[in-house]
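> Quick one: the structure is below, questions incoming.
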Amino acid sequence: MRLIKPGDWLVMVLGLALAGFLFSQIRHGGEAQQALIRKGGEVFAEVSLFQERRISVPGPLGVSMIAISGGAARIVQDPGPRQYCVRQGWLRHEGDVAVCLPNQVSVELVGRKKRYDSLNY
Amino acid sequence: MIRSTIEIAATREDHHIARMAALAIGLSLADAAIPLPVPGIKPGFANIVVLIVLARYGMGTAIWVSILRVLGGSLLFGSFLSPGFFLSFCGALCSLTALFLAGALPQRWFGAVSRSIIAAFAHIAGQLALAYFWLIPNVGLFALVPFFALAALVFGTVNGLVSARFLEKVEAAHRVPIQCVHE
Numbered sequence: 001m002r003l004i005k006p007g008d009w010l011v012m013v014l015g016l017a018l019a020g021f022l023f024s025q026i027r028h029g030g031e032a033q034q035a036l037i038r039k040g041g042e043v044f045a046e047v048s049l050f051q052e053r054r055i056s057v058p059g060p061l062g063v064s065m066i067a068i069s070g071g072a073a074r075i076v077q078d079p080g081p082r083q084y085c086v087r088q089g090w091l092r093h094e095g096d097v098a099v100c101l102p103n104q105v106s107v108e109l110v111g112r113k114k115r116y117d118s119l120n121y
Numbered sequence: 122m123i124r125s126t127i128e129i130a131a132t133r134e135d136h137h138i139a140r141m142a143a144l145a146i147g148l149s150l151a152d153a154a155i156p157l158p159v160p161g162i163k164p165g166f167a168n169i170v171v172l173i174v175l176a177r178y179g180m181g182t183a184i185w186v187s188i189l190r191v192l193g194g195s196l197l198f199g200s201f202l203s204p205g206f207f208l209s210f211c212g213a214l215c216s217l218t219a220l221f222l223a224g225a226l227p228q229r230w231f232g233a234v235s236r237s238i239i240a241a242f243a244h245i246a247g248q249l250a251l252a253y254f255w256l257i258p259n260v261g262l263f264a265l266v267p268f269f270a271l272a273a274l275v276f277g278t279v280n281g282l283v284s285a286r287f288l289e290k291v292e293a294a295h296r297v298p299i300q301c302v303h304e
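Chains as they are written, first to last, in the working numbering: chain A, 1 to 121; chain B, 122 to 304.
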């Protein structure tokens with residue numbers, strides 16, 4: 001009796017194919033369509049990601065500048081002390097979020113319909 | 122002290138199942154002790170025992186050993202009735218169902234390696250489904266799916282090979298009538 005029978009090879013190949021298929025599908029789930037800009041918890045603006053533009057959002061510390069270009073969005077400028085949201089760079093995928101907590105400004109990328117996440121569930 | 126009047130007569134088979142389950146629990150302890158980079162990925166060595174039991178003693182015994190392994194293991198780790206326990210339990214049930222269905226495959230072509238891989242995939246599928254619908258209904262969970270699938274393939278193959286090797290040895294031992302004392 002051999003350890004690996006012919007059918008076992010078949011199952012292994014099928015398993016590998018399934019894993020490969022799943023890897024190829026990994027980022028094709030949700031395409032980001034719009035940037036949802038929030039200020040102090042309220043929606044400030046909802047803009048398409050496919051129009052190049054800059055948006056100034058006034059917060060308690062000053063003005064946060066948001067840039068939108070080529071299906072991605074980022075926070076260019078923020079008066080916050082630690083600059084976490086600026087350093088996060090371009091947001092490209094649905095569900096990506098940059099939050100400037102001190103200035104109460106956030107940008108979230110959303111697809112056609114809002115899906116659940118573990119925060120708003 | 123009043124002695125209990127309830128006597129449970131344990132058959133030879135009961136003892137056998139208990140021994141196998143104990144072995145499986147020991148192996149799940151080994152699982153937990155091995156550090157792996159991605160949380161949630163485990164080698165699942167206990168399944169080696171389940172596969173061997175399935176091949177030698179049939180589905181009924183394998184179900185017993187598998188369920189006892191999950192219950193006993195969770196008591197040992199202190200995770201009984203925790204989310205992790207239910208994930209384990211769901212995975213075990215899915216594995217057993219898949220093993221039952223895989224029993225229809227011709228033995229001539231498909232060995233322990235096939236059964237092990239199929240069971241491993243069923244295990245993660247069940248766990249992910251439960252995790253998604255019950256614990257974390259977040260599409261982000263699916264980003265982990267390919268890694269789980271790859272782990273299922275690799276560990277499924279390894280566990281299957283170990284089982285196949287063991288079964289081969291046992292068969293060889295049975296062919297040559299050398300007396301070996303197990304107990």
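The C-beta atom is built at its ideal place from N, Cα and C for all residues, glycine as well.
Whole angstroms are fine: how far does the CA of Leu-249(B) sit from the CA of Pro-258(B)?
Within the second sequence, residue 258(B) is the residue found at index 137, counting from 1. Within the second sequence, residue 249(B) is the residue found at index 128, counting from 1. Looking at the two C-alpha atoms, the distance is approximately 10 Å.
> Taking Leu-222(B) as the reference, which of Thr-182(B), Arg-236(B), Gly-232(B) has the closest Cα?
Numbered from its first residue, the second sequence carries residue 222(B) at position 101. Among Thr-182(B), Arg-236(B), Gly-232(B), the Cα nearest to that of Leu-222(B) belongs to Arg-236(B).
> Against Pro-158(B), what residues of chain A qualify as contacts under a CB-to-CB distance less than 9 Å, listed in chain order?
Within the second sequence, the letter at position 37 stands for residue 158(B). Chain A residues near Pro-158(B): none, gap ~17 Å exceeds 9 Å.
> Would you verify that the beta carbon of Ser-149(B) is, or is not, closer than 8 Å to some beta carbon of chain A?
Along the second sequence, read from residue 1 onward, the residue named residue 149(B) stands at position 28. With 8 Å as the cut-off, Ser-149(B) does not count as an interface residue toward chain A.
> How big is the Cα-Cα spacing for Ile-245(B) and Ser-187(B)?
Your numbering for residue 245(B) matches position 124 in the second sequence. Your numbering for residue 187(B) matches position 66 in the second sequence. One C-alpha to the other measures close to 16 Å.
> Give every residue of the same chain whose Cβ lies closer than 8 Å to the Cβ of Gly-281(B), excluding the five residues on either side of it in the sequence, and list them in chain order.
Against the second sequence, residue 281(B) aligns to sequence position 160. Only Leu-172, Gly-232, Ala-233, Val-234, Ser-235, Arg-236, Ser-237, Ile-238 meet the Cβ criterion.
> Let me know the secondary structure DSSP gives Phe-44(A) once reduced to three states.
Stepping through the first sequence from its first residue, residue 44(A) is reached at position 44. Phe-44(A) falls in the strand class under three-state DSSP.
> Report the option in Ser-195(B), Ser-125(B), Gly-179(B) whose CA atom is closest to the CA atom of Ala-153(B).
Taking the second sequence and counting its residues from 1, one reaches residue 153(B) at position 32. The option with the nearest alpha carbon to Ala-153(B) is Ser-195(B).
> Does Thr-278(B) get closer than 8 Å to chain A when you measure Cβ to Cβ?
The residue labelled residue 278(B) in the question sits at position 157 within the second sequence. Thr-278(B) counts as touching chain A.
> I'd like to check one pair, Val-57(A) with Ile-68(A): are the Cβ atoms closer than 8 Å?
Taking the first sequence and counting its residues from 1, one reaches residue 68(A) at position 68. Taking the first sequence and counting its residues from 1, one reaches residue 57(A) at position 57. Their beta carbons are not under 8 Å apart, which means Ile-68(A) does not touch Val-57(A) by this criterion.
> On the DSSP bridge assignment, give the partners of Lys-39(A) in chain order.
Here residue 39(A) is taken as the residue at index 39 of the first sequence, counted from 1. In the DSSP output, where bridge partners are listed per residue, Lys-39(A) has Glu-42(A), Val-105(A).
> Among His-137(B), Phe-166(B), Phe-242(B), Pro-158(B), which residue has its Cα nearest to the Cα of Leu-14(A)?
What you label residue 14(A) is simply residue 14 of the first sequence in a count that begins at 1. When each option's Cα is compared against that of Leu-14(A), the closest is Phe-242(B).
> Between the alpha carbons of Leu-189(B) and Ala-142(B), how many angstroms are there, rounded?
For the purposes of this step, residue 189(B) is taken as the residue at position 68 of the second sequence. For the purposes of this step, residue 142(B) is taken as the residue at position 21 of the second sequence. Roughly 6 Å between the two C-alpha positions.
> Check whether the Cβ of Arg-177(B) lies closer than 8 Å to any Cβ atom in chain A.
Residue numbering aside, residue 177(B) sits at position 56 when the second sequence is read from its first letter. Arg-177(B) does not count as touching chain A.
> If you measure between the beta carbons of Cys-85(A) and Val-99(A), is that distance less than 8 Å?
The sequence position of residue 85(A) within the first sequence is 85, counting from 1. The sequence position of residue 99(A) within the first sequence is 99, counting from 1. Going by C-beta atoms, Cys-85(A) is nearer than 8 Å to Val-99(A).
> Please state whether DSSP places Gln-248(B) in a helix, a strand or coil.
On the second sequence, position 127 is the one that residue 248(B) refers to. If DSSP states are grouped into helix, strand and coil, Gln-248(B) belongs with the helices.
> Using only the alpha-carbon positions, how far apart do Val-97(A) and Gly-20(A) sit?
The residue you call residue 97(A) lines up with position 97 of the first sequence. The residue you call residue 20(A) lines up with position 20 of the first sequence. If you take the alpha carbons of Val-97(A) and Gly-20(A), they lie about 29 Å apart.
> Can you tell me whether Gln-25(A) is buried or exposed, with buried defined as 16 or more other CB within 10 angstroms of its CB?
Residue 25(A) sits at position 25 when you count from the first residue of the first sequence. Exposed, by the Cβ-count rule.
> List the residues that DSSP assigns as beta-bridge partners of Met-65(A).
Position 65 of the first sequence, counted from the start, is the residue given in the question as residue 65(A). Met-65(A) is bridged to Ser-56(A), Gln-77(A).
> Given a cut-off of 8 Å, decide if Ser-209(B) and Ala-240(B) are closer than it, judged by their beta-carbon atoms.
Locating residue 240(B) in the second sequence gives position 119, counting from the first residue. Locating residue 209(B) in the second sequence gives position 88, counting from the first residue. Their beta carbons are not under 8 Å apart, which means Ala-240(B) does not touch Ser-209(B) by this criterion.
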